[in-house]
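Let me begin by presenting the structure, written as structure tokens, before commenting on it.
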Amino acid sequence: MIEGVSEVQVFGAKTAQRVQVNPDKIASFNIGINEIASLLQSSTPMIPGGSINGKYKAFAIEPKGQLTKASEYADLIVKYQADAPVQLKDIGRVFTSSDNDVCKIIYCKKGGKEVSMPVFIMVRRRPGSNTVKLTKKIRELLAGLKNEIPGSANISIFYDKSVTIIDSINDVKFTLVLAFILVVLVIFIFLGRASDTMIPAIALPLSIISTFLVMYLAGFSLDNLSLMALTLAVGFVVDDAIVVLENTVRLVEEGLGPFDAAIKSAKEITGTVISMTLSLVTVFIPLVFMGGIVGRTFREFALTVVIAVVCSGIVSLTLTPMMCARMLKPVSEENKKTLLQRFTDWFVGGLVFGYKNTLGIVIKYRSLSLLMWLLCLIGTIIFYVMVPKGFLPVGDSGVITGGILAPLGTTSDMMHKFQGQINKVLEKDKNVDHFLTATGLNSGADQSTGFVVMVLKDKKERPPIELVTNELRGKLNYLPYPLGFVFIQPIPVLSISTGGQNTASGAKYSYTITGPDQDKVYKCANKLETELGKMHEFVGVQTSVRLTLPQIDVKLFRERASTFGINASEIENSLAWAYAQGRVTQYTTNIDQYDVVMEVIKKYQNGPGDLGKLYVRSGTTGKLVPFKSIAAWTEKLGPQQVNHSQQLESATLSFNLATDIPIGTAAKKLEDAASKILLRE
Numbered sequence: 003m004i005e006g007v008s009e010v011q012v013f014g015a016k017t018a019q020r021v022q023v024n025p026d027k028i029a030s031f032n033i034g035i036n037e038i039a040s041l042l043q044s045s046t047p048m049i050p051g052g053s054i055n056g057k058y059k060a061f062a063i064e065p066k067g068q069l070t071k072a073s074e075y076a077d078l079i080v081k082y083q084a085d086a087p088v089q090l091k092d093i094g095r096v097f098t099s100s101d102n103d104v105c106k107i108i109y110c111k112k113g114g115k116e117v118s119m120p121v122f123i124m125v126r127r128r129p130g131s132n133t134v135k136l137t138k139k140i141r142e143l144l145a146g147l148k149n150e151i152p153g154s155a156n157i158s159i160f161y162d163k164s165v166t167i168i169d170s171i172n173d174v175k176f177t178l179v180l181a182f183i184l185v186v187l188v189i190f191i192f193l194g195r196a197s198d199t200m201i202p203a204i205a206l207p208l209s210i211i212s213t214f215l216v217m218y219l220a221g222f223s224l225d226n227l228s229l230m231a232l233t234l235a236v237g238f239v240v241d242d243a244i245v246v247l248e249n250t251v252r253l254v255e256e257g258l259g260p261f262d263a264a265i266k267s268a269k270e271i272t273g274t275v276i277s278m279t280l281s282l283v284t285v286f287i288p289l290v291f292m293g294g295i296v297g298r299t300f301r302e303f304a305l306t307v308v309i310a311v312v313c314s315g316i317v318s319l320t321l322t323p324m325m326c327a328r329m330l331k332p333v334s335e336e337n338k339k340t341l342l343q344r345f346t347d348w349f350v351g352g353l354v355f356g357y358k359n360t361l362g363i364v365i366k367y368r369s370l371s372l373l374m375w376l377l378c379l380i381g382t383i384i385f386y387v388m389v390p391k392g393f394l395p396v397g398d399s400g401v402i403t404g405g406i407l408a409p410l411g412t413t414s415d416m417m418h419k420f421q422g423q424i425n426k427v428l429e430k431d432k433n434v435d436h437f438l439t440a441t442g443l444n445s446g447a448d449q450s451t452g453f454v455v456m457v458l459k460d461k462k463e464r465p466p467i468e469l470v471t472n473e474l475r476g477k478l479n480y481l482p483y484p485l486g487f488v489f490i491q492p493i494p495v496l497s498i499s500t501g502g503q504n505t506a507s508g509a510k511y512s513y514t515i516t517g518p519d520q521d522k523v524y525k526c527a528n529k530l531e532t533e534l535g536k537m538h539e540f541v542g543v544q545t546s547v548r549l550t551l552p553q554i555d556v557k558l559f560r561e562r563a564s565t566f567g568i569n570a571s572e573i574e575n576s577l578a579w580a581y582a583q584g585r586v587t588q589y590t591t592n593i594d595q596y597d598v599v600m601e602v603i604k605k606y607q608n609g610p611g612d613l614g615k616l617y618v619r620s621g622t623t624g625k626l627v628p629f630k631s632i633a634a635w636t637e638k639l640g641p642q643q644v645n646h647s648q649q650l651e652s653a654t655l656s657f658n659l660a661t662d663i664p665i666g667t668a669a670k671k672l673e674d675a676a677s678k679i680l681l682r683e
């Protein structure tokens with residue numbers, strides 16, 4: 003409900019009543035699994051009882067049909083046999099559990115104990131909303147919730163992105179102030195008087211304040227890009243004021259009074275200031291109209307610089323001449339040059355003398371100047387080609403995220419053991435402050451994935467995040483009993499989505515192959531995965547092509563089933579109630595709604611042979627029919643999922659890059675490898 007939030011993802015398992023039945027016992031009592039599901043659905047109704055409106059008093063009828071405790075469900079009577087009731091607890095067990103009993107989330111903070119099964123809530127902001135402002139609202143909400151929740155529960159903030167944003171803004175603010183001090187210091191050294199230096203020192207912050215005003219009216223915000231633009235603009239906005247000041251000082255030194263010198267200087271220098279302003283604006287205008295992701299990213303940056311330069315020009319043509327007329331002192335015997343001015347005149351005079359001699363040599367040997375220009379031009383081209391090219395630096399956000407990937411068909415117990423090995427590595431690492439790992443988030447057959455999030459210690463207490471990431475990769479890839487892989491990457495400080503599809507957790511880049519022929523697309527993807535795995539530039543290469551998920555293909559004997567009065571829906575419902583762990587019904591309390599989950603006991607869910615223990619009630623004879631009499635099943639391997647892109651078969655390769663490898667270099671190698679494979683196929 004907070005303005006600015008676009009999505010809230012909740013990772014964890016909710017409380018539920020779990021009913022586990024023994025297929026051997028229900029068969030011995032001549033009970034079908036569908037009948038148990040029907041009993042549960044009808045035993046916890048929530049139907050309004052209506053009201054009684056008498057002559058002197060009105061009553062609301064509140065039937066207590068809802069069952070809310072495991073013991074109440076356990077006492078439900080399924081049937082009578084030999085004049086004795088058969089209750090749910092006689093054919094299985096009923097207990098309070100969760101709606102996803104294979105989910106395992108572990109949270110650990112250095113110096114504290116592991117917390118098992120916390121609820122992890124991920125809040126995503128809406129595009130255009132201010133992260134810092136939104137975080138402040140969420141923190142205020144959490145502070146209020148802490149006073150309302152039970153004492154046994156605790157709310158803690160795992161990761162707050164606004165902290166790194168505020169740190170970055172503080173760094174830029176420091177750079178901005180430092181740049182201002184250095185610029186004013188240089189002006190003071192050359193002018194030699196504090197009173198004269200005050201003129202550009204006042205014009206500079208006034209130009210920045212004017213820029214803030216225009217940015218506010220334009221709907222801009224103070225983010226890293228706009229602050230970077232202001233830092234860059236500090237050197238620009240002071241130029242106009244210096245030009246006006248310098249020309250006015252020259253006229254004062256020639257004998258004019260400060261007021262007359264300011265008027266004459268304004269007339270002489272106005273055209274120059276306008277041309278300087280327009281030339282700088284012209285440099286950044288192309289960025290404003292640039293298309294694509296670069297244009298969208300740096301448009302605000304370019305406009306901020308343009309606004310600052312224009313504001314500087316206006317201030318230089320209005321406020322600066324006025325301050326020169328009032329603050330400059332006329333030349334007189336009493337107003338002699340200071341020691342700093344005399345030193346600056348001597349130093350600059352030496353530079354002018356040296357420049358004059360050098361200029362004479364250059365003019366005398368013009369061919370040498372032309373040769374030097376050609377060498378500089380050629381060198382620029384050569385080094386432009388040689389220098390590695392990237393898009394955005396990763397920065398140091400202090401957070402590493404990643405995915406846990408095991409072979410298809412891995413059981414939840416095996417994943418939990420693998421998760422435990424990962425936790426031990428992260429607990430011992432001196433650079434990790436706190437972390438969270440999660441597996442079993444997807445209910446169903448595929449339990450081969452999970453994720454991990456690590457928050458590192460303060461930058462002062464650890465190496466750079468890329469070195470920490472490489473060190474952790476080495477540790478996680480050489481676990482004592484490796485079941486699968488852990489792919490990790492640092493979260494970038496500034497991330498931009500280009501619309502690409504990323505099918506793997508812990509991967510920053512992806513490459514998609516599409517085509518009409520599924521077999522060829524998958525074949526090319528597997529070959530490209532092999533090639534990229536051989537290159538040191540690529541780390542953690544994964545593919546969305548996963549075709550080895552163990553499956554049980556059930557074939558229904560429809561004609562035989564129809565002779566027993568059994569249809570396909572009844573058969574599939576029997577399988578769902580036994581193995582899908584789906585919601586049979588739900589009950590409501592004063593707090594929330596909770597599910598009632600039904601399945602067979604876990605020891606009867608070990609292999610395909612357990613399907614033979616199921617029975618379905620015959621509609622014609624009224625007897626139980628063995629499941630193996632109306633269906634047959636075989637084991638096979640199948641795809642985890644079938645991906646499409648723009649209505650074509652697709653396969654996506656996800657990967658990270660090794661340290662100090664720019665995306666430009668990696669992209670070229672990827673394109674070369676992909677081109678060779680695609681041409682061969």
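At position 610 of the sequence shown the residue is numbered 612 (our numbering), and the sequence of numbers has no breaks.
Cβ atoms here follow ideal geometry from the backbone N, Cα and C, with glycine treated the same way.
A distance below 7 Å between beta-carbons, with the five flanking residues on each side excluded, links Q43 to the following residues of its chain, in chain order: V586 and T587. As a beta-bridge residue in DSSP terms, C110 pairs with F437.
When DSSP states are grouped into helix, strand and coil, F13 belongs to the strand group. Bounds of the beta strand (DSSP E) holding A60 are A60 to A62. Take the alpha-carbon of E255 and the one of K331: they are about 10 Å apart.
With a 10 Å radius around the Cβ and a threshold of 16 neighbouring Cβ atoms, F629 comes out buried.
L672 places its beta carbon 8 Å or farther from that of A527. Burial state of C378 is exposed, judged by a 10 Å Cβ sphere holding fewer than 16 other Cβ atoms. S620 and M600 have their C-alpha atoms some 22 Å from each other. Taken in chain order, the whole alpha helix (DSSP H) runs of length 4 or more contained in the segment 90–167 are 90–93 and 133–148. Annotation for P288: the continuous alpha helix (DSSP H) segment containing it runs P260 to V290. Counting of Cβ neighbours within 10 angstroms places R560 among the exposed residues, the total staying below 16. Following the DSSP letters along the chain, one finds M48 in no beta strand (DSSP E), marked with neither H nor E. Boundaries of the beta strand (DSSP E) harbouring W635: A633 to G640, taken from the DSSP string. Pairing L373 with Y367, the inter-Cα distance amounts to about 10 Å.
Spatial neighbours of S100 in its own chain (CB-CB distance under 7 Å, excluding positions within 5 residues in sequence) are listed in chain order as A15, K16, T17 and A18. In the DSSP assignment, Y218 falls within the alpha helix (DSSP H) that extends over A196 to A220.
Look at T471 here: in three-state DSSP terms it is helix. Short of 7 Å from the beta carbon of R95, and not among the five residues preceding or following it, lie these beta carbons of its own chain, in chain order: Q22. No Cβ-Cβ contact shorter than 8 Å links V556 with A447. Contact between E572 and N36 holds: their C-beta atoms lie close to 6 Å from each other, under 8 Å. For Y480, there is no enclosing alpha helix (DSSP H), as DSSP gives it neither H nor E.
Measuring C-alpha to C-alpha distances from P207 to each of A235, A76, S223 and R548 identifies A235 as the nearest. Unbroken alpha helix (DSSP H) runs of no fewer than 4 residues, entirely contained in the segment 634–682, are found at 665–682, following chain order. Membership of K27 in any beta strand (DSSP E) is not indicated; the residue belongs instead to the alpha helix (DSSP H) covering P25 to S30. From the listed residues S281, I201 and F300, the smallest Cα separation to V290 is found for F300. Partner residues in the beta bridge of E601, as assigned by DSSP, are Q22. Between V602 and Y617 the beta-carbon gap is near 12 Å, outside 8 Å, which marks them as no contact. The Cβ atoms of I33 and K81 sit closer than 8 Å to each other. N645 sits buried, since 16 or more C-beta atoms from the chains shown fall within 10 Å of its C-beta. When Cβ pairs closer than 8 Å are counted between the two stretches, the segment 273–288 is seen not to touch the segment 207–224, the count staying below three. Taking a contact to require three or more Cβ pairs closer than 8 Å, the segment 657–669 and the segment 562–577 do not qualify as touching. Around the beta carbon of L659, 16 or more other beta carbons lie within 10 angstroms, which makes this residue buried. A direct Cα-to-Cα measurement between E539 and A310 gives close to 41 Å.
Within a 10 Å sphere around the beta-carbon of V547 sit 16 or more other beta-carbons, which makes this residue buried. K459 places its beta carbon less than 8 Å from that of N433.
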